[in-house]
Amino acid sequence: MSKIITDEKIIDEVLFRGVEDVIEKEHLKNALLSKKQLRIKFGVDPTAPDLHLGHSVPLRKLKQFQDLGHKVVLIIGDFTAKIGDPTGRNEMRKPLTDKEIKKNMENYLEHAEKILDLKKVEVHYNSEWFLKEGVETMFQLSMAGSIQQILRRSDFKKRIKEGNDITLTETLYPLFQGYDSVKIKADVEIGGTDQLFNLLMGRRVQRHYNMPEQDILTTPLLEGTDGVKKMSKSIGNYISIGEKPFSIFEKVMLIQDFQIEKYFLLCTEATQNEIKKISERLKSGENPRDIKLELAETIVGIYHSKKAGEKAKEEFIKVFSKKEIPTDVEEYKLSKKEISLAELLAETKLAKSKSDARRLIEQGGVKINDEVHKDTKENVVLFKGGEIIQVGKRRFLKIKI
RNA sequence: GCGUGGUUGGCGGAGUGGUCAAACGCAUCAGACUGUAAAUCUGACGGCUUUAUGCCUACGGGGGUUCGAGUCCCUCACCACGCACCA
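Each number in the numbering used here comes from the position in the first sequence (counting from 1) with 334 added on.
Printed below as a string of structure tokens:
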């Protein structure tokens, strides 16, 4: 068993930095100081095929607990996924198949490994107990909460108001999630602020089973690259931690200026002090772009390597500031040497269709070897190989014969 | 079960017999401007080509009326609301 760190200063940092709310803060702090190894629960929803920076926020918090010597317990909600978490939903989610869940989880753990030390993590699938215990547990559990409590949550209220259905299974979801805490004897549960209701339900369920109630720590939600909406794959404003260095870099640069500090806080190890300095630099009128470059470099550094971060930065300056052609351009092997430009764009997926390609060409968005080709009537272009096709600012392709 | 209303593009939402590839808004994409952005301005935003007051495919599914149908009728599916039980 690893040693438990009880340095009060470090503990305060863990409970403060990048934390939205801690419920029973004093209690948790004392527990952390007590030298006892705590069990830190984190529920994973196996609907996400890959992890993005938004997911990384609570995971990074878990890592801090892990570093203090506590036991991180990941619960993979394969059973609960079949119900679907109603949080933030105005419609019921469609249930996943076992196969999808399995595949998603393999992906998830692979990515999570970039943040947590998985060897020290205890992993459970909640079907372990739910399938075995069956109806009896359902009865017990459904007595732990009341309809009024469940309906008090805002997403349900909204759905009722809008006349959308709420299935009975959805109302049970928080109880099921809470039961996980009972089974693994959680001392602490971590989650995003959107999970607050479910997390609190965990306390209730534990109480119902005459267990000490878990403390709760919530982390802020991270807005995506649009600066407004919560980072999410379906909105398309996400940065996956499995992406290639340059891709991560590029997307981090897309975030809005006012998000810089939050990203430093939630996505990097920067200390409170360092973040303060960054705020000051921003206030003093320093070009936010340069600070964003540092941010992007740091984040790439975390998920790849320091070197990859530096390289991505150089590349970014080259492509976007100096408007040069990137060093590594994806190659595309052309089937025939003579092909119309529109056809080529459609074939290579640089454009959605030939019509789309024509529109891009007309609008001056297409370049061959840095030269704008605006003529749609130019039917056939003879390619020798080695030409660089550019669409917009970010899409490049090298022609290979 | 009965009744009423609804189902239009990535989304919201117009359109009630012809000029609808579908107003308007959002999202997206391209161009200009820039700090990579953001904001702003311009343009595009179903597909195909012979680039045109061009052709094809679209308004939940199927069928019908009509010279002509998101638009009228029938039917099926789905959704919402109301009624019915409690009274």
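Ideal Cβ placement from N, Cα and C applies to all residues, glycine included.
When burial is assigned at 16 or more other CB atoms within 10 Å of the CB, is E736 buried or exposed? No answer is possible for residue 736: the residues shown for the chain start at 335 and end at 735.
For V391, which residues of its own chain have a beta-carbon under 6 Å away from its beta-carbon, when the five flanking residues on both sides are left out? T553, L556 and L600
Extent of the continuous alpha helix (DSSP H) to which V457 belongs: From DSSP, V457 is part of no alpha helix (DSSP H) but of the beta strand (DSSP E) over E456 to Y459.
Y666 versus L675 - alpha carbon distance: Their Cα atoms are separated by approximately 14 Å.
Measuring alpha carbon to alpha carbon, tell me which of E342, I374 and Q371 ends up nearest E360. E342
What residue range is occupied by the uninterrupted beta strand (DSSP E) comprising Y666? Secondary structure note for Y666: its beta strand (DSSP E) is the uninterrupted segment E665 to K667.
Exposed or buried, what is T527 when buried is set at 16 or more other beta-carbons lying within 10 Å of its beta-carbon? exposed
Let me confirm a value: G699 is counted as buried when at least 16 other C-beta atoms fall within 10 Å, else exposed. Which label applies? buried
Residues bridged to F376 by DSSP? Under DSSP, F376 takes part in a beta bridge, and its partners are L408 and I524.
I need the straight-line Cα distance from R729 to L530, nearest angstrom please. 41 Å
Determine the burial state of D704: buried for a count of at least 16 other Cβ atoms within 10 Å of its Cβ, exposed for fewer. Under this definition D704 is an exposed residue.
When you compare the stretch 342 to 356 with the stretch 531 to 543, are there three or more beta-carbon pairs, one atom per stretch, that lie closer than 8 Å? no
Measure the CB-CB distance between L652 and E658 and report whether it falls below 8 Å. It should be noted that the sequence gives Lys, not Leu, for residue 652. Yes; because the gap between Cβ atoms is below 8 Å, this pair is in contact.
Short Cβ contact (8 Å threshold) for F510 with S461: no
For L555, which three-state DSSP category applies? coil
Can you list, in chain order, the residues of its chain whose CB lies under 7 Å from that of E547, leaving out five sequence neighbours each side? R537, Q540 and R541
Quick one: residues in its chain with C-beta nearer than 7 Å to the C-beta of A446, no 5 flanking neighbours on either side, listed in chain order? L385, L393 and L452
I550 vs V634 beta-carbon contact at 8 Å: Inclusion of I550 and V634 in the CB contact set at 8 Å is not warranted, their separation being larger than that value.
Straight-line gap, S669 to I735 (C-alpha atoms, nearest Å): 7 Å
Assign T559 to buried or exposed, taking buried as 16 or more other Cβ atoms, counted over all protein chains shown, within 10 Å of its Cβ. The residue is buried, with at least 16 neighbouring Cβ atoms inside 10 Å.
When you compare the CB positions of I449 and K405, do they come within less than 8 Å of one another, or not? no
I'd like the ranges of any beta strand (DSSP E) spanning at least 3 consecutive residues and lying wholly in the stretch 644 to 698. 665 to 667
Could you compute how far the alpha carbon of L396 sits from the alpha carbon of W463? 24 Å
Which stretch, first to last residue, makes up the beta strand (DSSP E) that contains Q724? Counting along the chain, the beta strand (DSSP E) containing Q724 begins and ends at I722 to V725.
Could you say which of S574, F473, D591 and G576 lies nearest to V562 if we only look at CA atoms? D591
Out of S368, L362 and H707, state which residue places its alpha-carbon closest to the alpha-carbon of T340. S368
DSSP puts H386 in a beta bridge; with which residues? S574
Measure from the alpha carbon of Y637 to the alpha carbon of each residue in T602, I612 and K671, then state which is nearest. Minimum Cα distance to Y637 is reached at T602.
So for D451, helix, strand or coil by DSSP? coil
Under 8 Å: do the stretch 678 to 692 and the stretch 616 to 627 share three or more Cβ pairs, one atom per stretch? no
For F464, which residues does DSSP report across the bridge? For F464, which the question treats as bridged, DSSP gives no partner whatsoever.
Cβ neighbour criterion (16 or more within 10 Å) applied to N364: Around the beta carbon of N364, fewer than 16 other beta carbons sit within 10 angstroms, so the residue counts as exposed.
Is it right to say G411 is buried, meaning 16 or more other beta carbons lie within 10 angstroms of its own, or is it exposed? buried
Could you check where the beta strand (DSSP E) with R728 kicks off and where it finishes? Segment: none, R728 is in no beta strand (DSSP E) and carries neither H nor E.
Taking the CB atoms as reference points, tell me whether Q398 and V348 lie closer together than 8 Å. yes
Excluding sequence positions up to five away, which residues of its chain have a Cβ less than 6 Å from the Cβ of G512? M535, G536 and V539
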